[in-house]
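A.B. asks: Just so you know, the sequences run in chain order A, B and C. At position 75 of the first sequence the residue is numbered 75 (the numbering used here), and the sequence of numbers has no breaks. If you want the numbering used here, it's the position in the second sequence, counting the first as 1, plus 338. If you want the numbering used here, it's the position in the third sequence, counting the first as 1, plus 626.
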Amino acid sequence: MEAKNILRELARGRMITNITVAAIILALLTIGIGSLYSETLSYYRETLSTFMMLFSVVLGLNIILGYTGYVSFGHAVFFGIGGYTAMVLMYYYGVNVYLAMIIAALAAMAAAQAIGFIVLRLRGAYFAIATIAVLEAFRVIVSNVEYLGGSEGLQLEASYYTGYSIAGYRGQMSVHYIAYFLLLGTVTLGLLLNLYVSRSQFGAGLRAIREDEDAAEAIGINTWKFKTLAYVLSSITPALAGAIIAWKRNIVLPEEFFSLTLSIESIISVMLGGAGTVLGTVTGTAIYHTVKTIFLTSFPSLHLIIFGITIAFIAEVLPMGIIGWLRLMSTRLRFLLE
Amino acid sequence: MVVSPELIMGGLVSGIIIGSLYGLAALGLSIIWGVLKVVNLSHGALIALSMYLVYTLSVMYGVPLPVALLASILTGFLLGIAAYYLFVHRVLGGPELASLLSTFGFGLIILGILELAFGGIARTIPVSQHVIEVGHAPIMLVQIIGAIIAVAVAVGAYLLLYRTWFGRAVRAVVMNAEASALMGVNVVRVLALSFTLGVLFAVTAGSLLSLAYSFTPETGTKYELYSFTIVVLGGLGNPLGSLVGGIILGIAEQLTSVIVSGSWGPLVAFLILLVMLIVRPTGLFAKL
Amino acid sequence: MSVVLRVENVYKSFGGVKALEGVSMTVNEGMILGLIGPNGAGKTTLFNVITGYYKPDKGRVELFGRDVTGWPTHKIAQLGVARTFQIPKPFPDLTVFENVLVSIKFSSRKLSEQEAAEEAKRILEFLGLDSHAHMLASQLNVALEKRLELARALARQPRLLLLDEVLAGLNPSEVAYMLEKIKRAKQEFGLTIVMIEHVMHAVMNIADRIVVLHLGKKLAEGTPEEIARDPRVIEAYLGDPKLALAFVERLSSKKR
Ligand SMILES: Nc1ncnc2c1ncn2[C@@H]1O[C@H](COP(=O)(O)OP(=O)(O)OP(=O)(O)O)[C@@H](O)[C@H]1O
Ligand SMILES: [Mg+2]
């Protein structure tokens with residue numbers, strides 16, 4: 001294939017991805033606006049909110065796990081840091097959710113820098129385990145610090161919500177709607193970050209690190225700087241989602257915010273779709289979320305077993321994920337599916 | 339808070355006792371990691387499973403405790419063989435993530451079954467409350483027996499790995515699987531047996547731990563992280579290193595519980611783990 | 627002629643193993659230096675010290691007239707140093723084309739996407755890899771893997787190229803092919819090359835100078851003719867000169 005043709009196929013692939021991403025965002029936006037005026041859409045609003053919460057974590061995780069190859073097994077730690085930072089600001093200082101989100105994201109980025117300084121010198125399984133330990137450590141600390149509400153968590157008063165309103169809904173009535181749009185904003189940011197990583201020189205460097213870190217150094221990549229930056233970027237959308245969910249549910253709890261389950265769910269989603277692909281994050285999260293919702297409603301008590309079977313199945317049969325598998329099918333698909 | 343020397347002494351003694359059980363559990367993780375290069379993320383779930391097996395037999399069906407323990411360990415053994423072929427064999431030699439995920443998946447299946455059958459309520463196995471004074475510290479006889487069993491099993495594992503034909507085959511496979519196969523070692527069988535052995539140690543430790551503390555299905559996660567910490571402390575595939583690492587962790591945990599508060603105990607483990615990973619990821623006692 | 631690489635009195639040990647003990651050497655611009663020595667002599671370790679993978683316990687490394695001792699690997703690479711690995715380290719789940727492309731992207735050249743892709747294409751053609759361009763690197767056989775190592779290094783358009791046994795495990799016609807490519811690349815890009823090699827006739831044929839390492843020390847240095855006649859080298863390394871060729875050929879055919 002000529003260089004020109006490769007570039008043309010690549011450009012076509014990027015166009016397809018752009019259109020897909022834009023279509024998803026528009027569809028979500030439409031449903032959100034629709035739900036403001038039609039009660040029948042409220043079910044979709046809620047299930048899509050849950051989807052977008054997971055998706056926010058997945059989009060962050062994909063940067064460090066998918067592109068950089070570092071298996072962050074406790075990535076929900078940033079969801080927790082975001083949620084708790086925002087809650088402290090809202091609970092003690094009455095800060096509004098928008099400012100709280102921004103500070104939460106900054107706090108998570110600072111935390112990622114600090115945690116990364118420790119864990120990013122480890123590779124492979126050692127890194128994975130260290131990230132689990134970090135998550136568990138945060139959970140233990142948070143459940144023991146009174147200022148953070150201990151194991152009871154912190155809960156916002158109803159009066160906190162009086163200032164919020166959207167399209168005629170006021171106070172607590174408005175929260176579910178506003179949260180939906182905030183989550184949509186977070187997901188949009190996460191998709192843009194992933195598109196940037198996928199197409200930039202920075203992302204090329206991350207892929208090289210994923211494939212072979214020594215060889216990456218040898219071709220002039222500052223691997224330490226690159227992977228630290230990747231880790232910091234990967235903390236943003238999980239933290240934003242944590243802040244939004246803390247506000248939406250009006251409570252933070254150690255188990256729910258520093259949650260191994262959420263970490264695992266995001267790993268499943270990334271792997272199912274295809275790690276290190278933009279389309280894979282959407283595909284994987286959508287499939288996982290749909291299947292989970294169906295099973296959770298029909299067989300609520302079986303969900304762990306079904307999780308387990310799914311994960312083992314992916315690992316043994318489809319470790320490269322759906323999009324990753326399609327990309328292997330032909331050179332053309334490799335260029336087309338980003 | 340005043341911390342008396344007796345309290346410290348008590349912390350030390352119970353740290354050693356409980357730590358030897360942690361060490362045995364860690365040995366299970368360590369062998370699998372060392373021989374198969376697989377980090378068994380179903381480790382914690384297997385430990386939890388063994389606890390519920392003992393519980394089911396002894397509390398629900400009134401089977402005498404020693405029999406219940408043996409039955410639980412035997413079940414773990416059979417499960418280990420099955421799990422190797424179902425969840426491990428196919429991902430060997432693949433990317434690290436694949437083995438992490440498939441063993442984690444196996445663990446979730448176990449957890450799901452436990453949640454389904456027993457729910458999240460904490461269970462306790464009533465045991466003889468007979469207490470012995472060890473250096474002013476009251477320790478339950480059952481725990482002492484448990485610790486003795488754990489040490490014996492760890493020493494047995496050491497002898498098995500360094501003094502028998504099987505041990506030589508294992509170490510040959512670790513060094514070079516291809517060459518070992520050429521020399522007539524049945525590599526798959528060695529791998530399957532090593533995995534099973536690892537599971538066996540985990541369930542033995544779990545069965546004994548079930549007599550010491552109350553437990554829920556989630557409890558396994560804690561022991562799994564403890565085991566990682568100990569493996570990192572004691573070095574891969576080194577039975578005596580695991581035992582020593584376990585005792586260090588046990589003492590650190592128990593002393594923290596005595597001096598600060600029980601709920602901070604696990605944090606110490608995670609801090610030790612992180613510090614070790616940074617300072618000396620090959621472990622304190624790793625062979626070079 | 628300017629000095630490209632100067633190694634001064636470098637020491638490096640691992641635990642009790644003294645891999646390098648006071649090695650010094652100088653490489654001038656435009657030359658091919660052959661680095662030979664028995665297994666475990668410290669050749670790869672010397673490369674790792676030069677490229678910053680290891681910090682020497684003692685001694686200095688100078689590149690293009692600058693003291694780079696203790697610099698991180700990527701900074702040394704950015705000075706214009708490229709290397710191949712004795713055990714090839716391709717980016718396995720990227721295609722051959724992508725392997726070369728990423729190397730071009732991180733070289734000092736500022737190329738547009740189009741130019742970079744064309745350059746990648748050109749390098750793949752140069753090494754006869756164009757028909758494998760869209761295969762995953764993990765699917766290549768040893769010979770092609772070695773070519774990809776070389777391609778990825780050349781893609782950086784380096785000033786100094788360090789080759790660690792690029793001929794090991796190749797059959798005679800593949801050896802000849804690689805030698806031809808190395809010579810041509812040197813002419814085209816004006817490279818300076820240090821090559822570690824066990825394939826003795828090859829290195830004798832291509833190198834301007836040869837350094838012999840033995841047990842971490844420099845045993846001898848000189849032109850290929852001088853080395854071939856040096857009694858210390860013959861004793862320590864080659865044994866009976868008549869058997870030398872056969873011996874080193876056998877060495878070179880072992881695959882690690
Ligand atoms: N990272 C390391 N840790 C411990 N020992 C090492 C390390 N790297 C090299 N060595 C030891 O240093 C010595 C020199 O090794 P080196 O790889 O440099 O030899 P070499 O000349 O390249 O040999 P070969 O021809 O086999 O490639 C050997 O004894 C080797 O075992
Ligand atoms: Mg070498």
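Don't be surprised by glycine CBs; every beta carbon is placed ideally from N, CA and C.
Quick one: residues in its chain with C-beta nearer than 8 Å to the C-beta of ALA241(A), no 5 flanking neighbours on either side, listed in chain order?
C.D. replies: MET52, MET53, SER56, VAL57, PHE79, GLY82, LEU183, THR186
A.B. asks: SER200(A) and ILE64(A): beta carbons closer than 8 Å?
C.D. replies: It is not a contact, given that the beta carbons lie outside the stated cut-off.
A.B. asks: For the stretch 527-596 of chain B, list the beta strand (DSSP E) runs that are entirely contained and at least 3 residues long, ordered along the chain.
C.D. replies: none
A.B. asks: Give me the Cα-Cα distance between THR418(B) and TYR44(A), rounded to the nearest whole angstrom.
C.D. replies: First, the amino acid is wrong: residue 418(B) is Gly here, not Thr. C-alpha of GLY418(B) to C-alpha of TYR44(A): approximately 44 Å in a straight line.
A.B. asks: For MET521(B), does the three-state DSSP call read helix, strand or coil?
C.D. replies: coil
A.B. asks: Does the beta carbon of ILE33(A) sit closer than 8 Å to a beta carbon anywhere in chain C?
C.D. replies: no
A.B. asks: Looking only at its own chain, which residues have a Cβ that is under 6 Å from the Cβ of GLU688(C), when we skip the five neighbours before and after it?
C.D. replies: ARG632
A.B. asks: State yes or no: is the beta carbon of GLY572(B) nearer than 8 Å to at least one beta carbon in chain A?
C.D. replies: no
A.B. asks: Given this structure, state the Cα-to-Cα distance separating LEU328(A) from ARG334(A), to the nearest angstrom.
C.D. replies: 6 Å
A.B. asks: Can you give the Cα-Cα distance for THR534(B) and ALA495(B), rounded to whole angstroms?
C.D. replies: 13 Å
A.B. asks: So is TYR423(B) buried or exposed if we call it buried at 16+ other beta carbons inside 10 Å?
C.D. replies: exposed
A.B. asks: I'd like to know whether the C-beta atoms of LEU99(A) and THR228(A) end up nearer to each other than 8 Å.
C.D. replies: Cβ atoms of LEU99(A) and THR228(A): not closer than 8 Å.
A.B. asks: Tell me whether ILE81(A) counts as near ligand 3, meaning its Cβ is closer than 7 Å to at least one heavy atom of that ligand.
C.D. replies: Only ligand 1 and ligand 2 can be found as ligands here, which leaves ligand 3 out of the picture.
A.B. asks: What do you reckon, are the CB atoms on GLY116(A) and THR237(A) nearer than 8 Å?
C.D. replies: no
A.B. asks: Indicate whether at least one CB of chain A lies closer than 8 Å to the CB of PHE594(C).
C.D. replies: As displayed, chain C neither begins before 627 nor continues past 882, which places residue 594(C) out of reach and without an answer.
A.B. asks: Between which two residues does the alpha helix (DSSP H) harbouring HIS392(A) extend?
C.D. replies: What is shown of chain A runs 1 to 338, which leaves residue 392(A) out entirely.
A.B. asks: Starting from the N-terminal end, write out each residue whose C-beta falls within a distance shorter than 5 Å of any non-hydrogen atom of ligand 1.
C.D. replies: Applying a distance threshold of 5 Å between residue Cβ atoms and the heavy atoms of ligand 1 selects PHE640(C), VAL643(C), ALA645(C), ASN665(C), GLY666(C), ALA667(C), GLY668(C), LYS669(C), THR670(C), THR671(C), given in chain order.
A.B. asks: Going by other Cβ atoms of all chains shown within 10 Å of its Cβ, with 16 needed for buried, is GLY588(B) buried or exposed?
C.D. replies: buried
A.B. asks: Three or more C-beta pairs under 8 Å: does that hold for the stretch 759-769 of chain C against the stretch 716-730 of chain C?
C.D. replies: As far as the Cβ criterion goes, the stretch 759-769 of chain C touches the stretch 716-730 of chain C, which means the pair count is three or higher.
A.B. asks: Suppose you measure from the CA of LEU362(B) to the CA of VAL570(B); what does that come to, to the nearest Å?
C.D. replies: Cα-Cα distance, rounded: 14 Å.
A.B. asks: Please state whether the Cβ-Cβ distance between SER738(C) and GLN783(C) is less than 8 Å.
C.D. replies: No, they are not a contact pair.
A.B. asks: Provide the residue span of the beta strand (DSSP E) that contains ILE477(B), from first to last.
C.D. replies: Unbroken beta strand (DSSP E) run through ILE477(B): 475-478.
A.B. asks: Under a three-way DSSP split, which group does LEU793(C) fall into?
C.D. replies: In the structure shown, LEU793(C) sits in coil (DSSP, three-state: anything other than H, G, I, E or B).
A.B. asks: Are there 16 or more other CB atoms within 10 angstroms of the CB of ILE19(A), so buried, or fewer, so exposed?
C.D. replies: exposed
A.B. asks: For LEU479(B), which option in ILE385(B), LEU612(B), LEU546(B) has the closest C-alpha, if you only look at C-alpha atoms?
C.D. replies: Residue LEU546(B) is the option with its Cα nearest to LEU479(B).
A.B. asks: Let me know if HIS824(C) comes out buried or exposed under the rule of 16 or more other beta-carbons within 10 Å of its beta-carbon.
C.D. replies: buried
A.B. asks: Can you grab the Cα-Cα spacing for the pair GLU556(B) / LEU449(B), in whole Å?
C.D. replies: 8 Å
A.B. asks: I need the boundaries of the beta strand (DSSP E) containing THR261(A), first residue and last residue.
C.D. replies: No beta strand (DSSP E) holds THR261(A); the alpha helix (DSSP H) holding it covers 260-273.
A.B. asks: Expressed to the nearest angstrom, what Euclidean distance is found between the alpha-carbon atoms of THR310(A) and PHE299(A)?
C.D. replies: Roughly 15 Å separates the two Cα atoms.
A.B. asks: Does any C-beta atom of chain C lie closer than 8 Å to the C-beta of THR17(A)?
C.D. replies: no
A.B. asks: When you measure from the CB of ASP790(C) to every non-hydrogen atom of ligand 2, does any distance come out below 7 Å?
C.D. replies: Under cutoff, so the answer is yes.
A.B. asks: Alpha carbon to alpha carbon, how far is LEU326(A) from THR340(A)? Give it in angstroms, no decimals.
C.D. replies: With chain A covering only 1 through 338, there is no way to say anything about residue 340(A).
A.B. asks: In or out: ILE597(B) buried (at least 16 other Cβ within 10 Å) or exposed?
C.D. replies: Counting Cβ neighbours within 10 Å, ILE597(B) comes out exposed, since fewer than 16 surround it.
A.B. asks: In three-state DSSP terms, what is ASN62(A)?
C.D. replies: helix
A.B. asks: Can you give the Cα-Cα distance for LEU367(B) and LYS736(C), rounded to whole angstroms?
C.D. replies: 50 Å
A.B. asks: So which residues on chain B does ILE309(A) lean against when the C-beta distance must stay under 8 Å?
C.D. replies: Within chain B, the residues near ILE309(A) are GLY443, ILE447.
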